[in-house]
Each structure stands twice: as structure tokens, then as C-alpha cells.
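Have a look at the structure below, then the notes.
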Amino acid sequence: MNTQFTLREVLSQLADEGLAKPLELVTALSAPAEVHGSSLPWFVKLFIGIAAWIAAILIVSFFFAIGIIEEESALGFGLVFCAAAIPVNRAGYRNTFWIQLSLAASLTGQALAIIGLFSIFDELLIMTLLVAMLETALILLHRDSVLRFISALIVVGFFLALIFEQEMQVSIHALILALAAGTLAIHLNQNRIKLLSLDETILPVGSAITFSLLGILILPLADEFDLRWEFTAIVLFGMLIYLLWRIGTDLGYSLRNRVVIALLVGALLLLIPALRMPGLLAALIVLALGFWRNNQGLVWLAAIFLVFYIWAFYYSLEWTLLVKSLVLLASGLVLLGLRFFVVQFTANSGEPS
Amino acid sequence: MNETDGLELPATQKNLLQMARQGMLDLRGYERALKIIGFTPNTQKWNRFLDVLLLVLGAGLTVCGIYFFFAYNWAEMHRFVKMGIVGVLLLGLVIATSRLPEEKLPAKITLTVAGVLIGALLAVYGQVYQTGADSYKLFLGWVILMAGWVFVSKFTPMWFIWILLIDTTLILYWDQMVSWRSPQYSAIQLWGFAINGLFVLAWELFSGKTDWLVSRWTPRILSLINFYIVTAAATIFVSEGLDDDPYTLATSVVWLVFLPAMIYVYSQKKLDLFMLTLSAISLMTVFTTWVANQLDQSNFNNDFVPLILGLLIVGQTALVVTLLLRVSKSRKEVEQ
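As C-alpha cells, then:
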């Protein structure tokens, strides 16, 4: 990113393009209110999340060990912990200790609440709906990106468990497509979300949705599921094409541009192996979104997923190793061929590569 | 801050967002501003991204396809055909590398793939000529044969693969040649630490003077392995004592020196929050284990131990995050 520009220079250029007020009408810029720890890198947030979970498990086990909490009363105690964590979080938002304590308390409360729900209700459907309500409330009220990420994951996890428990495996397609649509919607509208100051609430949820999407797409590689994944692959393919169209439009490319045509043809060829490996398309969607929105986390998530996906593909029993090797070779050669054409087209058009 | 100061601030994404939130820019203006400063990639960056993505993904899938192909049962194929195919591929990649501009990414990728294919060739050779040799010899041969290309490649991913091959060779050698009952078995900790540590040291010393040694993730991942080694040893030592295992004791002593050194270097000399986070996790792990062990050995009521440990973890995490933020802020102020 080029930080050599000053705000004055950027505003001046925008004013010339009619996208900003003239400089003389610009008021002073006040300092943004920064949420404590919002600038922490992802690995520190991962460390905080794992540490909070370990602390929550230890504290919950303590309450069970001394008999203060039993399964029947766990729900009540859990809700009290969750509720108490919210004002602690809000009051101590500049103090790391209180933020950690509120995170651990909330995770403890959620764990207790879920244990209590399991002891009270037999129907997973009711539990799923109640957990979804609880986690939604926490996402809205508890100002912590790690907690919002975990809460969103819990909701997805319960819906997935419900699908398996009800033996509605076909609904997995709907869940995957909902997660993919959510990923696209949130990250495509990331700038609008930031302008509305909703990023602290929505973007961690978006990250969880993306993480869940890629995680669930490992299922096609498991041999226990007798599902047809072609439908999921075709809809994900449609989403990829839509994303390519949005990016192309943003760059001023038309559908007649040779690079765009080459990419569309390449995506179509990749659809063939992706009919059985829809995770490939989802990873490409996440990769493109991550690069477009300058989100290194998404880019690395997609890259790591691709490596893991190919490794897991090795152990899938549906195809023989010979067929798998030919699929991978063909996919690899398609991409290398596509690269050749893209480099040629950009060189011929005089665009720098 | 007066009006003039505000507009002379660098046009970062955060400052532009603040302007937009204050109503000075609408959504279109904000998105256009992000393009101007290069936060949103332009055509040039997209072309470069596609170039790298298609090359890496295409080469990666192709190499995986080749490996899957060799994993398939080739009992029916003649041995010379098997080795010939890999040999021809290897030769083709070497020729391609020699013809491509050596400073460009495609040449480096083809050389890396060729290096990886050396392993495939050795594996096929070992499959065809069943000598009963230990598997560590395959990896040792791979390391030796690949070394020359690694040194000329000036390509950090290739170096990283090579270092991992060295680690794998070491683990396999120890597993196959040193009895687990032998007192020397746990010496692998020190050897592994020494090898990875030397590479990290060399990386950090030369990275300031070498333009292609820009990746932070290679030394970070190697340091992660080293932290695992020394932390595991120190944790075992504080919980079990291990008077009869001098190598684990020695590795624990290494931890005592390594940890403060890492904290000093990566907070005062070369700010790296990842290394500092690893240091903090290591210290927390050993300290919490020690506390748990002390509580277990004392007459303290065991029912309260989980609560104490849970609160201890919360407190330590809060302290670590506060310190990381403080170090990060103070170093940025120094750099400004």
C-alpha cells in the first residue's frame, strides 16, 4: 500500500473527480475512537481465544467439582455468567485484564448454558434455536471480536449437528450455500459496513462464516456421505463468476476483454474436477475476496485450506489414486495454461504484469 | 489537532475511514480513495496476483498429481519406464529453469519443483531396487542432492522445504538408529534445536543484507518448532524432575537462556510480535505447569486447583497482551 499520499493530496484528487467536497469546506479530522486491542494481529487474537477457552473449561470443571453447579442448574448459572460478562467488558474496554476476564466469564457461561440445555431438553431443534438466540444476543452486546467469532462458530456448529441428527443431509447444501452467500455479502460490502461503524460486530462474524464454509467443504472428501455435490459446486461456480464480474467491473474490464474471457474459460474447465471437490471453488472465492479487500487473514486461510484439502483428497476412497492423479494433473495444467494466456494477453495489451 | 495538521496526516486506510465516518467522504469517495492509495489492488496488482496464483496453484496441483501417480500401484510398469518418466520430468524442469530469467518467479518455481522431484526419483529408485535401506537415507540423499540448487535459488520457500527435509532426516535417523531405551534418545531435542536455531540465526543475520530474505514466516515457523522443543522439555522437567535424563535437563537449561534472549532480541532489536507471543506462551505453559505441580504436591484442596489455574491463565493472558501492545507502541514511536 502506498502511504506517500497525504489526506490533503487524496482529498484534492477526489474533489477534482467530484467525489469529495472542496478542501476549503473540509473540517478538521478528529482522532478515531479505537477499541482496545483492535489492532492486535491475528495470532495474538488466536492466542487470546485459546487461553480464554482453557480458562473457561477449568473454571467450569471447578464449579462442577465442588457441586455448586449441577446439570439442572447449569443453564441459570450460565446465563448469569454471560450477562455479568457484558458490563465487565463494556466498563473495562480499555483494560486488557477486564477484557480477558469478561471473555473467559462469557465462554464459561456459554459452556454452562449449553450443558444445562442438554440436560433440560431432548430436542436438538429447540436447543439449536435457543443457542442461536443466546449467541446472537452476545454478538450484539459483548464487544469482543474473539467472542463474536466463537459465537458465530457455535451457531453454525449447532445447525450442522441438527442436520446430522435429523438425518437431513441434503440440507447441508443449503447450509453451505448460505455460508457462501454470507461470505460474499459481508466481504463485498465490507467498505459499507466499515462506514456504518458495524465492522466490529459484523466482520468477526463474517470471518467465522468463511471459516465454517471451508471447514464444512471438507465433508465431500469423506466417504461416509452419499451425497451428490454437483449442485453445490455449480452454485459455488455461479458465485465465483459473479465475483469475477464484480472485480472486472471495478477494474473497468468488459466481458469482451481477453483476460476476462481466459479466466471464465479457466473457471469453466476447473468446474469439472470441482464437481466432486467443491472446496476448490470456495477456496478460490475466499482467496479472490481476501486479495480484493486487502485481508491477509482470508488469503492465508484459503491458502492453508487448499494445502489441507489436497492432502485430505489423497485419503478419499471414492476415486482410485490414478483417477485422482489425472484430475490433479489436468487441473494443474489448466491453470498453468491459463497463466500462459493471461501473461500473453496482458503483455500484448501493454498492461504491466 | 488543527485543520491543517489533520489533512497533512498520511492517507492510510484508517484515516480515510475516519474521514468517511465523519461525513467528509461518501462510500464512492472512500472506495475511490482506497484505490488511489493502493489499498484496493489496481490492474497491475491483480495481474501480478493472477500470475503468482496460477503459477503456484498450477505447479502445486501438477506436482501433487505426479506424486499421486507414483502412489498408484505401478507393479505392471517396467522399472525403467517409472524412473524414466521422473527423470525426463526432472530434466525438463531443469532445462526450463535454465532458459527462464533467473530472477523471475517462474524460474524459481520450476527449480523448486525440480528439487521436490528429486525425492520422487529417489522414492521410485528405492521402490524398484529394494535394498532394505533405512528411510532416513532417502531423505539424507534428497537433502544432499538438493543442496546445490537451494543455495543458488535465492528463494525462501525452497530453503524452507530443504530445512524441513533436514529436520525429517534427523527425526527418521534418530527413530531408526537410536534405541528409545538408550540414554542418548532424548538428545534429539538438542540436535533439532541446534539445527533450526542455526538457520534462524543465519536468517536474521543475513536478512538485513540480502534482499530476497524478506519472509518472516520461515524463521517464525522454525522458531515455533524450537519453542515446542524447549518448552516441552522444561514442562516435563518442572512436573517430573527427570534426574536421570541429562538431555531433557540440558534442554530445559537451554530454555532458560533461549527465552530471555528471544524476548530481548524481538522486543528491543527487531520487533516481531509473533516471536514475542511464542515466548509468552512458552513461559505461561511452564509457569502454569509448575504452579499446578506445586499445588498437587502440597496439601492444598485439589477441588480449587482448576479455579486457581483458570484465573492464573486469565491474568497471564491479560498481562501478555498489555505488554505486547506496549512494546508494539513504543517501537513504532521509536521508528517514527
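Quick note, the sequences are listed as chains A and B, same order. Numbered per this note's numbering, the first sequence spans residues 8 to 360. Numbered per this note's numbering, the second sequence spans residues 6 to 341. Even glycine gets a Cβ: it sits at the ideal position worked out from N, Cα and C. This structure is a prediction, so every number in the text was calculated from the model and none was measured.
In this structure, Y35(B) sits near N198(A), with a CB-CB distance shorter than 8 Å.
Chain order gives no chain B residues near N264(A), where near means a beta carbon separation below 7 Å; the closest approach is about 11 Å. Taking the Cα positions, P311(B) is about 8 Å away from A62(A).
Residue contact check for N198(A) against chain B: a CB pair falls below 8 Å. Scanning the region 115-159 of chain A from its first residue to its last, the whole alpha helix (DSSP H) runs of 4-plus residues come out as 131-148. Put simply, the region 314-324 of chain A does not touch the region 45-56 of chain B. Fewer than three CB pairs are less than 8 Å apart. Apart from the 5 residues on each side of it in sequence, L227(B) sits with its Cβ closer than 7 Å to the Cβ of I168, N201, F204, V205 in its chain, given in chain order.
Interface annotation, I318(B): in contact with chain A, CB-CB separation under 8 Å. Across the region 81-96 of chain A, no CB contact with chain B closer than 9 Å is found for any residue.
Contact between the region 139-153 of chain B and the region 88-99 of chain B is absent, with fewer than three C-beta pairs closer than 8 Å. Residue contact with chain A for F160(B): absent (no Cβ-Cβ distance below 8 Å to any residue of chain A). Note that the C-beta distance between A274(A) and A290(A) is not below 8 Å. For I179(A) and V296(B), the gap between their C-alpha atoms comes out near 46 Å. Neighbourhood of F279(B) in chain A, by CB distance below 9 Å: P48, F50, V51, in chain order. Among the residues of chain B, none has a CB under 9 Å from the CB of T190(A); the nearest is roughly 19 Å distant. Secondary structure note for V183(B): it is in no alpha helix (DSSP H), with a DSSP letter that is neither H nor E.
Under the Cβ criterion of 8 Å, S332(A) is counted among the residues facing chain B. In the structure shown, P311(B) adopts helical secondary structure according to DSSP, grouped into three states. Residue pairing by DSSP puts P15(B) in a beta bridge opposite T13(A).
For the region 276-333 of chain A, the full-length alpha helix (DSSP H) segments reaching 4 residues or more read 286-299, 303-322 along the chain. Within the model, the alpha-carbon separation for S257(B) versus S287(B) is close to 12 Å. From the listed residues G123(A), T103(A), L53(A), the smallest Cα separation to I76(A) is found for G123(A). F73(B) sits away from T117(B), with the two beta carbons spaced by 8 Å or more.
Counting C-beta pairs closer than 8 Å gives fewer than three between the region 231-250 of chain B and the region 173-181 of chain B, which falls short of the contact rule.
Look at the region 271-286 of chain A: it has no residue with a C-beta under 7 Å from a C-beta of chain B. Put simply, the region 273-281 of chain B does not touch the region 14-29 of chain A. Fewer than three CB pairs are less than 8 Å apart. Taking a cut-off of 8 Å for Cβ pairs, the region 16-36 of chain B and the region 201-212 of chain A touch, as three or more such pairs fall below it. If you check each beta-carbon in the region 257-286 of chain B against every beta-carbon of chain A, the ones closer than 7 Å belong to L278, F279, T282, I286. Within the same chain, R265, V266, A269 come within 7 Å of F352(A) by CB-CB distance, once the 5 residues on both sides are set aside. The beta carbon of L126(B) sits closer than 8 Å to the beta carbons of M88, V91, G92, L95 from its chain, once the five residues preceding and following it are set aside; these are given in chain order. Residue-level contact by beta carbon holds for S204(A) and chain B, with a gap shorter than 8 Å. Looking at the DSSP output, L30(B) sits in a beta bridge with A27(A). Within chain B, not a single residue places a beta-carbon under 8 Å from that of S323(A); the smallest gap is close to 11 Å. Note on G120(B): 16 or more other CB atoms within 10 angstroms of its CB, so buried under the neighbour-count rule. Using a Cβ-Cβ cut-off of 8 Å, S68(A) counts as an interface residue toward chain B, since at least one Cβ of chain B sits closer than that to its own.
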